[in-house]
Structure formats: structure tokens, C-alpha cells
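**Q** Next up is a structure, given as C-alpha cells.
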Amino acid sequence: MIQILEKYSNACGVSGHEDEIRSRIEESVRDHVESLSRDFMGNLYAFKPCGRQNAPHLLLVAHMDEIGLMINGVESNGMLRFVPVGGVDSRLLVSKRVILGKDRVPGVIGAKPIHLQSRDEWKSPIPLSALYIDIGASDDKEAAAKVPPGTTGTFHTRFETQEDVVFGKAFDDRAGCALITELLMTEEDEAYPVDITAVFTVQEEVGLRGASVLAERVRPDFTIAFEGTTAGDVPRDDYASPSTEMRKGPAISFMDRSAIGAPRLINHFKATADKKKIPFQMKKTVSGGTDIGVIHTKGGIPSMVISVPVRYIHAPRGILAVEDYKNTFRLAKAALMNFKEVL
Amino acid sequence: MKALMKKVVETFGPSGREDAIRQVLLEEIKPHVDRIFTDNMGNLHAVREGKGARIMVAAHMDEIGFVVTHIDEKGFLRISPVGGVAPVRCLYQRVLLENGIKGVVGVESVKNTNEIDFTKLYVDIGARDEKEAREMADEGLFGAFLNEMNEMNGLVTAKSLDDRVGCVIAVEAARQLKKSPNEIHFVFTVQEEVGLRGATAAAFNIEPDLGIALDVTGTGDTPDSPKMPMKLREGVAVKIKDNSLLVPRRVKDFFIRVAEKNKIKYQPEILTFGGTDAGAINLSRSGVLAGCLSIPTRYIHSVSETAALSDIEEAVKLLVKILESDVKKELE
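Taken in sequence, the protein lines are chains A and W.
The first sequence begins at 1 in the numbering used here and counts up by one.
The second sequence begins at 344 in the numbering used here and counts up by one.
Written out as C-alpha cells, the structure is:
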């Protein structure tokens, strides 16, 4: 079950340049849906009707883009200048391996080594402006030929499994993309009682831009977003709410900065979890936003978010518990199967 | 009107949990409109049919509040704000949760009040321990502040005048409005305090020719207040701008023309912060003419918001006269 997550996590797709991950998703879902289409933003739509008259129409949404970097200049010595794309914590960048562009040119984010730094420089994180990407080019001509300005790059992280957890990049939101893919792969004898349009959106990390155009096209009755969200069960000082915790099941959001979850959907998911004895947790922080923020106000569409807890999102390497991923799938599947209880 | 106001301001309804206040408003406005329905967002639409301009009158029925994010090991509820809630204004306020449980906001020990943020606040519901607290409350429950309405020398002091005063003006205008050529949608919107979300959805569906928001505005008439012209008792405020909207000149001119013709006391509103549902209506689809009638209010987003009854009465008069006009012609 984890192979799809592995495939998606390893694919590149920085906001605005989602071609590779979109192709991977198309390959995986093509045989399980009635139709696939794209819009001019680059969002990918997969339609899976149930064949019944007047069935409710559900929008399942996950964003396929990931945070990353964009090259915006080349120094005469062949070093590449870059800017962050999306919510990048620039303090994490130094010495990380990256891959750039379609050809996956490898590079490293360089900075002055400790020997060459002054005592004062030791005291603070190296600022973004002092960082650059080194691809081993001998001069600007060679560098620009391999990686022209405008090229995007992502962390060079290979997916790994270790007992009951997996390590990898971009679980925000490839975990959501993988879960929706698995939900679309149902056998015919266990068809959902609802029409499903799954949308894999672009440019979420730079401001929910892909999702802002899709509600008018899909016109769903309900929306459920799938996310990889912050797990905060790490060492911390004093009192702090842990957001979500790994190995405690899927996280349901009652509210974030972009939307208040529809109580009827949330209650349905909670009741389903209780009935099927699937663990779940309420996400305990209200920061951040998701695609439903710009979807639910298009005429008023009851919406909610369900997430897999991920430690270290927006970092080169995140950790996710396989049981949380599987329980998110089980809960979402059961909730879709008995969706008539919402109506 | 005062009895209606007391009922409306004292009813529970933080953003996302507007069911109780929606029921109150539904019963109040129902006799005065042709049809009434609730949309998917939870906005209450009360419609007067007509062949003229389609007008969306928006007053938001949600109020600021909080949501329970966490129950700690001693049985206290940890909270996050819903809408623009200043932590220091929560201190020792009495609160109500959506399941009917009452509580009071306490604070951890701090050396000075600048340190107070939401991680230092908690709601005490009288639970003996975590187990009892979990029987009484749950993560994800929404809550709001409690306070009763008082009158003082022609002013009213209450929680949630923002924007229940707008709701009262809409109900009163619907009651007083006799004949109008226009198709009028009185919309009691949800989730204004978290980003004009209800009005965004409602305007998308209604596609109005004109949007009019009814809301509160700040004043410059208290000790060391921001330098703004708005004052209590100087009449209804006709919005010129705020941070969500630059009122189109023909809309503002139309409102002022009606006020002057009918000798209604008004003052211009130039607000340097904040926004209203009119901002969301203005940006709906390909753009909608929109304006706002405001009630100058002191101590906004506290449990003791204070406004003048006379300003509220002038606002009702002006709204009725605007709605009675041939709006299509006036806005040409």
C-alpha cells in the first residue's frame, strides 16, 4: 500500500512546475476512473461516477505541488542564486542536497565553511542571501546552460522505510495525493454511493492558487481535503499544544486560518471512526490554511480536512507512521461508503 | 427595537456556529418578507420580491469567540481565538460553549500583561480533573463571551453589537419598508469575523446589482483615540473607505443624496483599518457596486461595545429610504 506514497514522494513538483508528479498520478489513477482532464492552471481532474441518479457529488482534493527553490541568477564563478518557493524555512537549507529541473541536475546548497567564518558569524543562522547552489560548474556559461534561471529544484531525498515508519520529502501533500489515489482504486463490487471528482491541485504552497479556480468547474456538493499536516509530538518547552501526534490516527481539523470545517462532515467522520473502531485525533492548532479555504466560499460548499500527521513538514525529510496512513485510508473509505448518513 | 436588540445581542453565535442566532433572526424577519431560506454556508436569506434592482443587504450574525484546542491534564480548556480577539480582553470574562457549558477565562501567572497571549489563557469550567473536563467538553467545541445589554444615557453597551446591531437594523428596515420597486435580499451572513466568508458565498449566488453592508465602525471620540472623524450621536456613518473597500463614488453620492433629501443625520466614515462584507461583495464575480452604512461604536471586539441608539434609528431610516428608491435609476 505504501508503494504509491513512495512513488509520489520521490517525484518532483515544485509549485508552478508540477509536470513530473502530475504524470505519476495520471499513470496511477488512469485505469480506475472514467475520465481524466486538466485545466489551464495545470490542476488534474479525475472523475469517478457511481452511475446512480441524483447521487451526491464529492470533491476530493489534495495538492500535488511541494515547496522548493527557484534559480534566479548565476554568478560569474558558476554558483547559482535562488529564492524560496512556498513556506521554506531558510535556516534548514545550508548543506542540503538538491535536484534541479527536468534533468534532475544534482547540486548542494553551499555556504562558507566554519574555518572561514568570523566569530560573529558563528552566532546566527546563515541568511538566505549568503546561500547559493553549487552544481560543480566551472563558470556561469556552463551553469546557465545546465540550469537556466527560472528552473525549480527540490530536496534530493529518497523515500525509505524503517519498520513501521517511512522517511521522505513532500509528504505535504503527497500523502494526500496517495490517499486519494488509493481511494479511487476500489474494486467494482465495492462502489461508492457517490460521484467523485478527485482534483490534484497546483500552486497550493504559494497561496491556494490552483484550488481557487476549480469549484466553479466541478460544482461539488461537498469537499474533503486530504493533507499531510504538522505533528508536534517532539521535545518542547513548557506548555504547548502538540497540534497532532504520530501513531494516534488521522487528524480531523475543526478550523484553521482558511476555513471552519462543516460540522455535519466532521461529525460523520467521527461517528464512522467510533463505529469502525478506527483511532482518530482532533488537530489541536488552528494555524495554516488548505485548498478548502478558497473552495468552500464559492457559493457555499460544506467542506472539511483530514490529515496524516507528519513530523518535519516543509523540511528535507519528514517522518510518517504507516499505521496513521492506513487508518486515514480506512476512515475515509468507510466514511465515503456510508456517506448517505450525511444527507 | 430595544427589546429586539437585547434578544439579538445576547444570543450565542461565534463564527461557524450561528444556528441559535439564525433561528432568532428567522422568526423576527419572516413576517416581513416573501421568502426565506438558509444556504449551504449557513447564511440566512430573507427576500422581498421586486422587478427593479437586485440589492443584497448584508449584516453578519456571527460574533467573535474561541475554539477549544486542547484539554490539559488538570481539566482546564486551552483555546484559540475565532476572529479578532485580543487576549487581554478575555481576562476573567464569562463564556458559554456551544454545548451549553459555562466557564470563565483565567490566566497563568505572568510578570507583566504584555506576556499574555492565548497560550497563557485557559477556560475554567469547574471540572475537578481532566476526566471530568472531557465529560463536559471536547476539543473542537466553539465558545463565545457572555454579557447582558445595558443602557446608559441614550447609549447601549453590550457584547456583539458587532454586528448584531446591523442585524437589528435589517430586521427593522424590513418591518418598516412598505413599497419598493427592488428585489431585496436581506442576508444575515456567517463567518464575517474570520474573513468575510459567508458574504463571499452569498454574493456569488445572488449576483446583486448593489451590495449594502450594515456594520459597526470605530470612533475618534474617546480619550487618546485614533484620529478619526466618527463620533457617537452624530448620526449614521456613510462609508467612504476602509481596508476592504473604496466605496464607488456613485454609491456614496446616492446614499448621501437620500440622507440629505430626507433630513437624516449622517456623518462620513473614513476607517483606517478593518473591513466589512461590502468588501467581499464588491469583489464578487466581475465586480459589484457596494457600500456600507455603519454605526459608530466604541470598544469594538470587547464585551462592552457601546453605540448610540439615535445613530441606530437614523441608520434604519436611511436604509428604508435607500431601498424605497428607484435604485437602478439612481445608480445610472
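For every residue, glycine included, the Cβ atom is placed at its ideal position computed from N, Cα and C.
Hey, does F547 of chain W have any beta-carbon neighbour from chain A nearer than 7 angstroms?
**A** As a first step, residue 547 of chain W must be located in the second sequence, where it is residue number 204. Cβ-Cβ to chain A under 7 angstroms: yes for F547 of chain W.
**Q** In the DSSP output, what is A470 of chain W paired with across the bridge?
**A** Here residue 470 of chain W is taken as the residue at index 127 of the second sequence, counted from 1. Answer is none; A470 of chain W lacks a bridge partner.
**Q** Please determine whether the Cβ atom of I638 of chain W lies at a distance below 6 angstroms from any heavy atom of the ligand GTP.
**A** Of ligands this structure carries none, so the ligand GTP is not represented either.
**Q** Please classify H32 of chain A: does DSSP put it in a helix, a strand, or coil?
**A** Indexing the first sequence from 1 puts residue 32 of chain A at position 32. DSSP places H32 of chain A in helix when its eight states are reduced to three.
**Q** In whole angstroms, what separates the C-alpha of I468 of chain W from that of G443 of chain W?
**A** As a first step, residue 468 of chain W is located in the second sequence; it is residue number 125 there, counting from the start. As a first step, residue 443 of chain W is located in the second sequence; it is residue number 100 there, counting from the start. Using only the alpha carbons, I get a separation of about 11 angstroms.
**Q** Output the boundary residues of the beta strand (DSSP E) element that contains A211 of chain A.
**A** Residue mapping note: residue 211 of chain A aligns to position 211 of the first sequence, counting from 1. Looking at the DSSP string, A211 of chain A is not in any beta strand (DSSP E), and its letter there is neither H nor E.
**Q** Residues in the same chain with beta-carbon distance under 8 angstroms from I555 of chain W, minus the five sequence neighbours each way, listed in chain order, please.
**A** Position 212 of the second sequence, counting from 1, holds the residue named residue 555 of chain W. Cβ within range, chain order: I398, M399, V400, A401, A621, A633, G634, C635, L636, L662, I665.
**Q** Would T456 of chain W count as contacting chain A if we go by Cβ distances under 7 angstroms?
**A** Taking the first residue of the second sequence as 1, we reach residue 456 of chain W at position 113. Taking Cβ atoms only, chain A never reaches closer than 7 angstroms to T456 of chain W, which makes this a no.
**Q** Pick helix, strand or coil for H115 of chain A, following the three-state DSSP scheme.
**A** Along the first sequence, one-based indexing puts residue 115 of chain A at 115. Three-state DSSP puts H115 of chain A in a helix.
**Q** Determine which residues of the segment 293 to 310 of chain A have a Cβ less than 7 angstroms from any Cβ of chain W, and write them out in chain order.
**A** From the segment 293 to 310 of chain A, only T297, K298, G299, G300, I301, P302 have a Cβ closer than 7 angstroms to chain W.
**Q** Is any beta-carbon of chain W found at less than 7 angstroms from that of I2 of chain A?
**A** The residue labelled residue 2 of chain A in the question sits at position 2 within the first sequence. So, not an interface residue.
**Q** Anything in chain W within Cβ reach of K284 of chain A, meaning under 7 angstroms, just list it in chain order.
**A** Numbered from its first residue, the first sequence carries residue 284 of chain A at position 284. By Cβ distance, chain W contributes T412, H413, E482.
**Q** Under the three-state reduction of DSSP, which class applies to L177 of chain A: helix, strand or coil?
**A** By one-based count along the first sequence, residue 177 of chain A stands at place 177. For the sequence presented, residue 177 of chain A should be read as Cys rather than Leu. It is helical.
**Q** State yes or no: is the beta carbon of I319 of chain A nearer than 7 angstroms to at least one beta carbon in chain W?
**A** By 1-based counting over the first sequence, the position of residue 319 of chain A is 319. Chain W contact via Cβ: absent.
**Q** Can you grab the Cα-Cα spacing for the pair L539 of chain W / H403 of chain W, in whole Å?
**A** By one-based count along the second sequence, residue 539 of chain W stands at place 196. By one-based count along the second sequence, residue 403 of chain W stands at place 60. Spanning the two alpha carbons is a distance of roughly 9 angstroms.
**Q** How close, in whole Å, do the beta carbons of S647 of chain W and T500 of chain W come, if the pair is a contact with beta carbons under 8 angstroms?
**A** Here residue 647 of chain W corresponds to residue number 304 of the second sequence, with the count starting at 1. Here residue 500 of chain W corresponds to residue number 157 of the second sequence, with the count starting at 1. Confirmed, Cβ separation roughly 5 angstroms.
**Q** Report the neighbours of F167 of chain A on chain W: residues whose CB is nearer than 8 angstroms to its CB, in chain order.
**A** To locate residue 167 of chain A, count along the first sequence from 1; it is residue 167. Ordered by position in chain W, no residue passes the 8 angstroms Cβ test against F167 of chain A, which lies about 28 angstroms from the chain.
**Q** Who are the neighbours of G359 of chain W on chain A, taking C-beta pairs under 7 angstroms?
**A** As a first step, residue 359 of chain W is located in the second sequence; it is residue number 16 there, counting from the start. Those within 7 angstroms of G359 of chain W in chain A are M255, I260.
**Q** Buried or exposed, going by whether 16 or more other CB atoms sit within 10 Å of the CB of M185 of chain A?
**A** Walking along the first sequence from the start, residue 185 of chain A turns up at place 185. Its Cβ having fewer than 16 others within 10 Å, M185 of chain A is exposed.
**Q** Would you mind working out which of A:G150, A:D172, A:L93, A:G288 sits nearest V310 of chain A, comparing C-alpha positions?
**A** The count along the first sequence starts at 1 and reaches residue 310 of chain A at position 310. That would be A:D172, whose Cα lies nearest to the Cα of V310 of chain A.
**Q** Going along the segment 379 to 395 of chain W in order, which residues come within less than 9 angstroms of chain A, judged by CB to CB distance?
**A** Flagged, chain order: D382, N383, M384, G385, N386.
**Q** Whole beta strand (DSSP E) runs in the segment 593 to 651 of chain W with 3 or more residues, listed along the chain?
**A** The segment 593 to 651 of chain W contains these whole beta strand (DSSP E) runs: 609 to 613, 632 to 641, 648 to 651.
**Q** Looking at the structure shown, is D65 of chain A part of a helix, part of a strand, or coil, going by DSSP?
**A** If you number the first sequence from 1, residue 65 of chain A lands on position 65. D65 of chain A falls in the coil class under three-state DSSP.
**Q** For the putative contact between N327 of chain A and P250 of chain A, defined by C-beta atoms under 8 angstroms, what is the C-beta separation to the nearest angstrom?
**A** Numbered from its first residue, the first sequence carries residue 327 of chain A at position 327. Numbered from its first residue, the first sequence carries residue 250 of chain A at position 250. Confirmed, Cβ separation roughly 6 angstroms.
**Q** What runs of the alpha helix (DSSP H), each 4 residues or longer, lie entirely inside the segment 211 to 283 of chain A?
**A** For the segment 211 to 283 of chain A, whole alpha helix (DSSP H) runs of length 4 or above, ordered along the chain, are 214 to 218, 263 to 276.
**Q** Check whether the Cβ atoms of I266 of chain A and M304 of chain A lie closer than 7 angstroms to each other.
**A** Counting from 1 along the first sequence, the entry for residue 266 of chain A is found at position 266. Counting from 1 along the first sequence, the entry for residue 304 of chain A is found at position 304. Closer than 7 angstroms, so yes.
**Q** Report the option in A:A144, A:P242, A:V98 whose CA atom is closest to the CA atom of A315 of chain A.
**A** On the first sequence, residue 315 of chain A is found 315 positions in, with the first residue counted as 1. With distances taken between Cα atoms, A315 of chain A lies closest to A:V98.
**Q** Out of curiosity, what's the CA-to-CA distance linking V448 of chain W and L368 of chain W?
**A** Position 105 of the second sequence, counting from 1, holds the residue named residue 448 of chain W. Position 25 of the second sequence, counting from 1, holds the residue named residue 368 of chain W. Each residue's alpha carbon lies about 29 angstroms from the other.
**Q** By the 10 Å Cβ neighbour count, where 16 or more other Cβ atoms means buried, how is N72 of chain A classified, buried or exposed?
**A** Within the first sequence, residue 72 of chain A is the residue found at index 72, counting from 1. Exposed, since its Cβ has fewer than 16 Cβ neighbours within 10 Å.
**Q** Just the Cα atoms here: how many angstroms apart are L589 of chain W and I133 of chain A?
**A** Within the second sequence, the letter at position 246 stands for residue 589 of chain W. Within the first sequence, the letter at position 133 stands for residue 133 of chain A. Those two C-alpha atoms are separated by around 45 angstroms.
**Q** Quick check on the DSSP output: what are the complete beta strand (DSSP E) runs of length 3 or more inside the segment 44 to 95 of chain A, in order along the chain?
**A** 44 to 48, 57 to 63, 68 to 74, 80 to 85, all fully within the segment 44 to 95 of chain A.
**Q** At 7 angstroms on the CB atoms, spell out the chain A contacts of V453 of chain W, in chain order.
**A** Locating residue 453 of chain W in the second sequence gives position 110, counting from the first residue. Near V453 of chain W there are no residues of chain A at all, since even the closest Cβ is about 13 angstroms away, more than 7 angstroms.
**Q** Considering only their Cβ atoms, is the gap separating V286 of chain A from S423 of chain W smaller than 7 angstroms?
**A** The residue given as residue 423 of chain W occupies position 80 in the second sequence. The residue given as residue 286 of chain A occupies position 286 in the first sequence. Contact flag set, yes.
**Q** Look up H314 of chain A in the DSSP assignment and give the residues it is bridged to.
**A** Indexing the first sequence from 1 puts residue 314 of chain A at position 314. Answer by DSSP bridge pairing: none, since H314 of chain A is not bridged.
**Q** Just mark Q117 of chain A as buried or exposed, buried being the case when its beta carbon has 16 or more other beta carbons within 10 Å.
**A** Mapped onto the first sequence, residue 117 of chain A falls at position 117. Q117 of chain A is exposed by the Cβ-count criterion.
**Q** Could you pull the start and end residues of the alpha helix (DSSP H) that N548 of chain W belongs to?
**A** Locating residue 548 of chain W in the second sequence gives position 205, where the first residue counts as 1. Counting along the chain, the alpha helix (DSSP H) containing N548 of chain W begins and ends at 540 to 549.
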